[in-house]
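Protein chains in written order, with my numbering: chain U, 26 to 138; chain H, -4 to 108.
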């Protein structure tokens, strides 16, 4: 079945540092790929998405590129802020999911001033 | 602004009580989901509904049931609450077509004493 593997956390960075959170997936066909963010005490919200190979999703300074050849969708940000502290989830939704999504385990990011 | 709302943010119940968690979405979405989130275990799907009165078991349905009498409302029922059901419960919705993102509610933190 489909699966998503995320870089284990927690990740602690200083403000203005570069962020990478790795995500690789296993799926049949060409799924859509997502990054969700969960701020403390809240539900998940969509951060960005990509629907086909080589697409780049971007939002709030975050970017991720759909790499079919390496089955990856790594999340990057050039300069993190304290307000980016949250849990980040990589996910996919594809033809075998019947409308459901497969989520990674989440990566906790803490940004220190 | 589209929304998924959950009836309570925090709930405290006693062992053996029947517990109802309500979720309402205003986006006319066909799919609705209930997840539980526990530290170190990520998101686990409890039940999924793809239409009114239709439901499908997720990964951990034991001890839970669901009801979907109207398209916009999806209820999670704990028939006899137990302490191991203490958790964060997240509701989500999405369009029927595959490859779509999910929209999450703010979550209900349930404590069973």
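Every residue gets a Cβ at the ideal spot worked out from N, C-alpha and C, and that includes glycine.
Item to check | Residues that residue 16 (chain H) contacts on chain U, provided the C-beta gap is smaller than 7 Å | outcome: Counting from 1 along the second chain, the entry for residue 16 (chain H) is found at position 21. The contacting residues do not exist; residue 16 (chain H) stays about 13 Å from chain U at best.
Checklist entry - Using the C-alpha atoms, what's the distance from residue 0 (chain H) back to residue 87 (chain H)? => result Along the second chain, one-based indexing puts residue 87 (chain H) at 92. Along the second chain, one-based indexing puts residue 0 (chain H) at 5. Cα to Cα, the separation comes out at about 9 Å.
Item to check | Chain-ordered neighbours of residue 97 (chain H) on chain U, where CB pairs are closer than 7 Å | outcome: Along the second chain, one-based indexing puts residue 97 (chain H) at 102. Chain U residues near residue 97 (chain H): 126.
Item to check | Residues bridged to residue 65 (chain H) [DSSP beta-bridge criterion] | outcome: Within the second chain, the letter at position 70 stands for residue 65 (chain H). H:68.
Checklist entry - Nearest CA to the CA of residue 76 (chain U): which residue from U:68, U:97, U:67, U:62? => result The count along the first chain starts at 1 and reaches residue 76 (chain U) at position 51. When each option's Cα is compared against that of residue 76 (chain U), the closest is U:97.
Next on the checklist: Output needed for residue 33 (chain H): all residues of its chain with C-beta closer than 6 Å, excluding positions within five of it in sequence on either side, in chain order.
Outcome noted: Counted from its first residue, the second chain places residue 33 (chain H) at position 38. Correct list, in chain order: 82.
Checklist entry - In chain order, what residues of the same chain have a beta carbon less than 6 Å from the beta carbon of residue 102 (chain U), not counting five sequence neighbours either side? => result To locate residue 102 (chain U), count along the first chain from 1; it is residue 77. Closer than 6 Å at the Cβ level, and outside the excluded window around residue 102 (chain U), lie 44, 86, 87.
Checklist entry - Does DSSP classify residue 80 (chain H) as helix, strand or coil? => result By 1-based counting over the second chain, the position of residue 80 (chain H) is 85. In this structure, residue 80 (chain H) counts as helix in the three-state DSSP scheme.
Item to check | Interface positions of the region 37 to 49 of chain H facing chain U (Cβ-Cβ less than 8 Å), listed along the chain | outcome: Residues passing the 8 Å Cβ filter: 37, 38, 40, 43, 45.
Item to check | Continuous beta strand (DSSP E) stretch holding residue 37 (chain H): start and end | outcome: Position 42 of the second chain holds residue 37 (chain H). If you look at residue 37 (chain H), you'll find it in the beta strand (DSSP E) that goes 37 to 46.
Checklist entry - Helix, strand or coil for residue 120 (chain U) per DSSP? => result Sequence index remark: in the first chain, residue 120 (chain U) carries index 95 (1-based). Residue 120 (chain U): coil per DSSP, three-state reduction.
Next on the checklist: Our contact map puts residue 45 (chain H) next to residue 124 (chain U) with C-beta atoms below 8 Å; I'd like the distance itself, whole angstroms only.
Outcome noted: Counting from 1 along the second chain, the entry for residue 45 (chain H) is found at position 50. Counting from 1 along the first chain, the entry for residue 124 (chain U) is found at position 99. Indeed, because the Cβ distance is near 6 Å, the residues count as touching under 8 Å.
Checklist entry - Name the chain H residues that come within less than 9 Å of residue 67 (chain U), Cβ to Cβ? => result Walking along the first chain from the start, residue 67 (chain U) turns up at place 42. In chain order, 99, 101, 102 make up the part of chain H whose C-beta sits under 9 Å from the C-beta of residue 67 (chain U).
Item to check | Three-way DSSP call (helix, strand, coil) for residue 126 (chain U) in this model | outcome: Along the first chain, one-based indexing puts residue 126 (chain U) at 101. DSSP places residue 126 (chain U) in coil when its eight states are reduced to three.
Checklist entry - Secondary structure at residue 107 (chain U), three-state DSSP: helix, strand or coil? => result On the first chain, position 82 is the one that residue 107 (chain U) refers to. In the three-state reduction of the DSSP assignment, residue 107 (chain U) falls in the helix class, which pools H, G and I.
Checklist entry - Taking any Cβ of chain H, which residues in the region 36 to 52 of chain U have a Cβ under 9 Å from it, in chain order? => result Contact annotation: in the region 36 to 52 of chain U, no residue has its CB less than 9 Å from a CB in chain H.
Checklist entry - Could you give the C-beta distance for residue -2 (chain H) and residue 21 (chain H), rounded to a whole number, given that I count them as a contact under 8 Å? => result Translated into positions along the second chain, residue -2 (chain H) becomes position 3. Translated into positions along the second chain, residue 21 (chain H) becomes position 26. With a Cβ gap of about 5 Å, residue -2 (chain H) and residue 21 (chain H) count as contacting.
Item to check | residue 97 (chain H) in three-state terms, based on DSSP | outcome: The sequence position of residue 97 (chain H) within the second chain is 102, counting from 1. Looking at residue 97 (chain H) - three-state DSSP - the assignment turns out to be coil, as it is neither helix nor strand.
Checklist entry - Closest Cβ-Cβ distance between residue 105 (chain H) and chain U: below 7 Å? => result Numbered from 1 along the second chain, position 110 holds the residue referred to as residue 105 (chain H). Nearest CB-CB separation between residue 105 (chain H) and chain U: not below the 7 Å threshold.
Next on the checklist: Am I right that residue 114 (chain U) and residue 70 (chain U) are in contact with their C-beta atoms under 8 Å? What's the rounded C-beta distance?
Outcome noted: As a first step, residue 114 (chain U) must be located in the first chain, where it is residue number 89. As a first step, residue 70 (chain U) must be located in the first chain, where it is residue number 45. Contact between residue 114 (chain U) and residue 70 (chain U) does not hold, since the beta-carbon distance rounds to 10 Å and is not under 8 Å.
Item to check | Buried or exposed (CB count within 10 angstroms, at least 16 for buried), residue 103 (chain H) | outcome: Taking the first residue of the second chain as 1, we reach residue 103 (chain H) at position 108. Looking at its Cβ environment, which holds 16 or more other Cβ atoms inside 10 Å, residue 103 (chain H) is buried.
Item to check | Close-in-space but distant-in-sequence residues of the same chain around residue 53 (chain U) (CB under 8 Å, 5 per side omitted) | outcome: As a working note, residue 53 (chain U) is residue 28 in the first chain. Excluding residues within five positions, the ones whose Cβ falls inside 8 Å are 27, 119, 120, 121.
Checklist entry - Does residue 110 (chain U) have its Cβ less than 7 Å from a Cβ in chain H? => result By one-based count along the first chain, residue 110 (chain U) stands at place 85. Not an interface residue.
Item to check | Alpha-carbon to alpha-carbon, residue 48 (chain U) and residue 100 (chain U) | outcome: On the first chain, position 75 is the one that residue 100 (chain U) refers to. On the first chain, position 23 is the one that residue 48 (chain U) refers to. About 8 Å.
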